[in-house]
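Participant: The structure's right below; bear with me while I get my questions together.
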Amino acid sequence: MTSTGTAVAEAAIGKSPTNKISIVMFSGTADKFIPLGVLAQAGSAMGMDVEVFITGFALLGFTKEPHEAPFPSEFAAMAPALMQGMKGNQVAPWDTMLRQAKDLGAKVHVCSMMSGVMGLKLEDYNDLVDDVVGAATFVETARGGETFFI
Amino acid sequence: MTSTGTAVAEAAIGKSPTNKISIVMFSGTADKFIPLGVLAQAGSAMGMDVEVFITGFALLGFTKEPHEAPFPSEFAAMAPALMQGMKGNQVAPWDTMLRQAKDLGAKVHVCSMMSGVMGLKLEDYNDLVDDVVGAATFVETARGGETFFI
Amino acid sequence: MTSTGTAVAEAAIGKSPTNKISIVMFSGTADKFIPLGVLAQAGSAMGMDVEVFITGFALLGFTKEPHEAPFPSEFAAMAPALMQGMKGNQVAPWDTMLRQAKDLGAKVHVCSMMSGVMGLKLEDYNDLVDDVVGAATFVETARGGETFFI
Numbered sequence: 094m095t096s097t098g099t100a101v102a103e104a105a106i107g108k109s110p111t112n113k114i115s116i117v118m119f120s121g122t123a124d125k126f127i128p129l130g131v132l133a134q135a136g137s138a139m140g141m142d143v144e145v146f147i148t149g150f151a152l153l154g155f156t157k158e159p160h161e162a163p164f165p166s167e168f169a170a171m172a173p174a175l176m177q178g179m180k181g182n183q184v185a186p187w188d189t190m191l192r193q194a195k196d197l198g199a200k201v202h203v204c205s206m207m208s209g210v211m212g213l214k215l216e217d218y219n220d221l222v223d224d225v226v227g228a229a230t231f232v233e234t235a236r237g238g239e240t241f242f243i
Numbered sequence: 094m095t096s097t098g099t100a101v102a103e104a105a106i107g108k109s110p111t112n113k114i115s116i117v118m119f120s121g122t123a124d125k126f127i128p129l130g131v132l133a134q135a136g137s138a139m140g141m142d143v144e145v146f147i148t149g150f151a152l153l154g155f156t157k158e159p160h161e162a163p164f165p166s167e168f169a170a171m172a173p174a175l176m177q178g179m180k181g182n183q184v185a186p187w188d189t190m191l192r193q194a195k196d197l198g199a200k201v202h203v204c205s206m207m208s209g210v211m212g213l214k215l216e217d218y219n220d221l222v223d224d225v226v227g228a229a230t231f232v233e234t235a236r237g238g239e240t241f242f243i
Numbered sequence: 094m095t096s097t098g099t100a101v102a103e104a105a106i107g108k109s110p111t112n113k114i115s116i117v118m119f120s121g122t123a124d125k126f127i128p129l130g131v132l133a134q135a136g137s138a139m140g141m142d143v144e145v146f147i148t149g150f151a152l153l154g155f156t157k158e159p160h161e162a163p164f165p166s167e168f169a170a171m172a173p174a175l176m177q178g179m180k181g182n183q184v185a186p187w188d189t190m191l192r193q194a195k196d197l198g199a200k201v202h203v204c205s206m207m208s209g210v211m212g213l214k215l216e217d218y219n220d221l222v223d224d225v226v227g228a229a230t231f232v233e234t235a236r237g238g239e240t241f242f243i
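Protein chains in written order, with our numbering: chain G, 94 to 243; chain A, 94 to 243; chain R, 94 to 243.
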């Protein structure tokens, strides 16, 4: 589909493109942090609002105390080749991409409920994190945009 | 981003916030049922339409005959501490949160194709389930809202 | 919720239903290809634009050289019964469903960054793939529609 086609289709149904991407980041395996960085960076670079809500096992990727994220068990054998491929292609680490997104206005919120469950407070998180909020606040923030659950 | 900022951005692009959340619940590991409960409950409490479509391994969480959902293999070692943290923080079980959502109007649909594959009929599901529908019906229902694939 | 109810709610908030589904296909386990096929086929059959972005481990499902997708480790014991159930219920394979979607206009894009990481070029992919594009192009294409991250 061409972008002209998209514009025509949207005009036909009386709808403007949204200007917001909201990402719920739940999974904590190492691979899933890459699409978080890529989507946040791409959306921010295009001038979209990007709102990220960190919950579940993904919290462990945002603590001052580092936790090594596990590779998904089904694809563990591929990990060395992929790491090599990322270096060879000079792919930026996910947190570098997320930091670029934040420089362009992206916000990173951490789930208050899951923080409580894991015994983590705002001061336990690194500087990628803007604040600790409840899910209702995030759902309100996400309204009217595209949403991704990673 | 402030909520005022959101409103201004939406006004600028001529778009109202949506009033519907649709969740495709596919994953069947124990951890993923928590965001289902949280998103459904938060959305319903805010007066949004919440539509849930249960498919894949998640069907096993809705049968009268109970199935214990497995913990994701990569994080299995964390299961006891997380269970302890949920009790200590008085986090409601996911099905309690989903029931609260249903009391506020949320609907839970089960996938007809996957029910057939697993040999399950409407009478095999518990009272969280409203009906058994096809994917096309769900896609139609989901139009014009936020969508999450868990 | 009835479809009349949906229409009323949408009129109330001044919003038309969207006419586009965008799917980011990241997971590479065998089970997750089924909802890709189902959502793409259902959306296309309803006259919606369907845009699929293949990335992560899912790339391996689209190469000329076949790769057998692993079953998720937590549910591996269920694989034989599910395969049997799919045959018994004459469920089409996921690639047949995706091909039907493509016949109705769905587009399948492969992630350029992940292709580079895996050392794959356009000519390494099978005929389900339309092109190799960057994430920013996909984010632009996805604007104003429903989005799913599988």
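The beta carbon of each residue, even a glycine, is placed where N, CA and C say it ideally should be. Just so you know, these numbers come straight off a predicted model, no measurement behind them.
Taking 8 angstroms as the threshold (beta carbon to beta carbon), is residue 161 of chain A in contact with chain R?
Facilitator: Cβ-Cβ to chain R under 8 angstroms: no for residue 161 of chain A.
Participant: Assuming residue 240 of chain G is part of the beta strand (DSSP E), what are its boundary residues?
Facilitator: Counting along the chain, the beta strand (DSSP E) containing residue 240 of chain G begins and ends at 239-242.
Participant: Report the start-end ranges of each beta strand (DSSP E) in the region 114-155 of chain G that is 3 residues or longer and not cut off at the edges.
Facilitator: With a minimum length of 3 residues, the continuous beta strand (DSSP E) runs that stay inside the region 114-155 of chain G are 142-147.
Participant: Using the rule of at least 16 other Cβ atoms within 10 Å of the residue's Cβ for burial, across every protein chain shown, is residue 111 of chain G buried or exposed?
Facilitator: So residue 111 of chain G counts as buried.
Participant: Distance cutoff 8 angstroms, beta carbons only. Does residue 175 of chain R sit that close to anything in chain A?
Facilitator: By this cut-off, residue 175 of chain R is an interface position.
Participant: So with CB distances below 7 angstroms, who are the chain A contacts of residue 119 of chain G?
Facilitator: What residue 119 of chain G touches in chain A: 128.
Participant: Could you name the residues of chain A that residue 245 of chain G contacts, counting a contact when the two beta carbons are closer than 7 angstroms?
Facilitator: Absent from the structure is residue 245 of chain G, since the part of chain G shown begins at 94 and ends at 243.
Participant: Can you give me the Cβ contacts of residue 125 of chain R inside the same chain, cut-off strictly under 7 angstroms, excluding the 5 residues immediately before and after it?
Facilitator: Only 243 meet the Cβ criterion.
Participant: When burial is assigned at 16 or more other CB atoms within 10 Å of the CB, is residue 191 of chain A buried or exposed?
Facilitator: By the 10 Å Cβ count, residue 191 of chain A comes out buried.
Participant: Suppose the cutoff is 7 angstroms on Cβ atoms and the five residues either side in sequence are ignored; what does the same chain contact list for residue 223 of chain G look like?
Facilitator: Correct list, in chain order: 200, 201, 202.
Participant: Please work out which residues of its chain come closer than 6 angstroms, Cβ to Cβ, to residue 228 of chain A, disregarding the five sequence neighbours upstream and downstream, and give them in chain order.
Facilitator: Result list for residue 228 of chain A: empty, nothing under 6 angstroms.
Participant: When you compare only the Cα positions, how much space is there between residue 218 of chain R and residue 131 of chain R?
Facilitator: When rounded, the distance between both Cα atoms is 21 angstroms.
Participant: Along the region 135-157 of chain G, what residues have a CB closer than 8 angstroms to any CB found in chain R?
Facilitator: For the region 135-157 of chain G, which is checked against every Cβ of chain R, the residues closer than 8 angstroms are 135, 136, 138, 139, 141.
Participant: Should residue 195 of chain R go down as buried or exposed, given a rule of 16 or more other Cβ atoms within 10 Å for buried?
Facilitator: Classification for residue 195 of chain R: buried.
Participant: With C-beta atoms as the reference, is residue 240 of chain G less than 8 angstroms away from residue 240 of chain A?
Facilitator: Yes, they are a contact pair.
Participant: Find the nearest neighbour of residue 186 of chain G within the set G:127, G:118, G:120, judged by alpha-carbon distance.
Facilitator: Cα-wise, what sits closest to residue 186 of chain G is G:127.
Participant: Quick one: what's got a C-beta closer than 6 angstroms to residue 117 of chain G's C-beta in the same chain, skipping five residues either side?
Facilitator: Here the set comprises 146, 242.
Participant: Quick one: grab the DSSP three-state call for residue 210 of chain A.
Facilitator: Helix, per DSSP.
Participant: Measuring only the C-alpha atoms, how far is residue 164 of chain A from residue 134 of chain A?
Facilitator: In a straight line, the C-alpha of residue 164 of chain A is about 23 angstroms away from that of residue 134 of chain A.
Participant: Does the separation of the CB atoms of residue 209 of chain A and residue 232 of chain G fall below 8 angstroms?
Facilitator: Taking 8 angstroms as the Cβ cut-off, residue 209 of chain A and residue 232 of chain G do not qualify as a contacting pair.
Participant: Going straight from the alpha carbon of residue 152 of chain G to that of residue 188 of chain A, what length do you get?
Facilitator: Cα to Cα, the separation comes out at about 23 angstroms.
Participant: Going by DSSP in three states, residue 157 of chain R sits in which element: helix, strand or coil?
Facilitator: Looking at residue 157 of chain R - three-state DSSP - the assignment turns out to be coil, as it is neither helix nor strand.
Participant: Apart from the five residues on each side of it in sequence, which residues of its chain come closer than 7 angstroms, Cβ to Cβ, to residue 205 of chain G?
Facilitator: So the list reads 225, 226, 227, once near-sequence residues are dropped.
Participant: Given a threshold of 16 other Cβ atoms within 10 Å of its Cβ, counted over all protein chains shown, does residue 220 of chain G qualify as buried or as exposed?
Facilitator: Residue 220 of chain G should be labelled exposed.
Participant: Throw me the rounded Cβ distance for the residue 113 of chain R and residue 237 of chain R pair, which I believe falls under 8 angstroms.
Facilitator: Between residue 237 of chain R and residue 113 of chain R the Cβ distance is about 7 angstroms, and since that is below 8 angstroms, they are a contact.
Participant: For residue 120 of chain A, which of A:235, A:193, A:154 has the nearest alpha-carbon?
Facilitator: Measuring from the Cα of residue 120 of chain A, the nearest candidate turns out to be A:154.
Participant: Using a Cβ-Cβ distance under 8 angstroms, would residue 206 of chain G count as near chain A?
Facilitator: So, interface residue.
Participant: Can the beta-carbon of residue 156 of chain R be found less than 8 angstroms from the beta-carbon of residue 213 of chain R?
Facilitator: In this structure, residue 213 of chain R lies closer than 8 angstroms to residue 156 of chain R by Cβ.
Participant: Using the three-state DSSP reduction, which class does residue 222 of chain G fall into: helix, strand or coil?
Facilitator: It is coil, neither helix nor strand.
Participant: If we cut at 8 angstroms on Cβ distances, does residue 232 of chain R have a partner in chain G?
Facilitator: Yes, because at least one Cβ of chain G sits closer than 8 angstroms to the Cβ of residue 232 of chain R.
Participant: Secondary structure at residue 201 of chain A, three-state DSSP: helix, strand or coil?
Facilitator: Three-state DSSP puts residue 201 of chain A in a strand.
Participant: Output the boundary residues of the alpha helix (DSSP H) element that contains residue 229 of chain G.
Facilitator: Residue 229 of chain G -> alpha helix (DSSP H) spans 228-235.
Participant: Counting only Cβ pairs nearer than 9 angstroms, list the residues of chain A close to residue 197 of chain R.
Facilitator: Per Cβ cutoff of 9 angstroms: no residues; residue 197 of chain R is ~13 angstroms from chain A at best.
Participant: Are residue 115 of chain G and residue 144 of chain G close, meaning C-beta to C-beta below 8 angstroms?
Facilitator: Cβ distance < 8 angstroms, so residue 115 of chain G and residue 144 of chain G count as in contact.
Participant: In its own chain, which residues sit with a C-beta less than 8 angstroms from the C-beta of residue 158 of chain G, not counting the 5 before and 5 after it?
Facilitator: For residue 158 of chain G, where only same-chain residues beyond five positions count, the Cβ hits under 8 angstroms are 217.
Participant: Are residue 181 of chain R and residue 211 of chain A closer than 8 angstroms when you measure CB to CB?
Facilitator: Cβ atoms of residue 181 of chain R and residue 211 of chain A: not closer than 8 angstroms.
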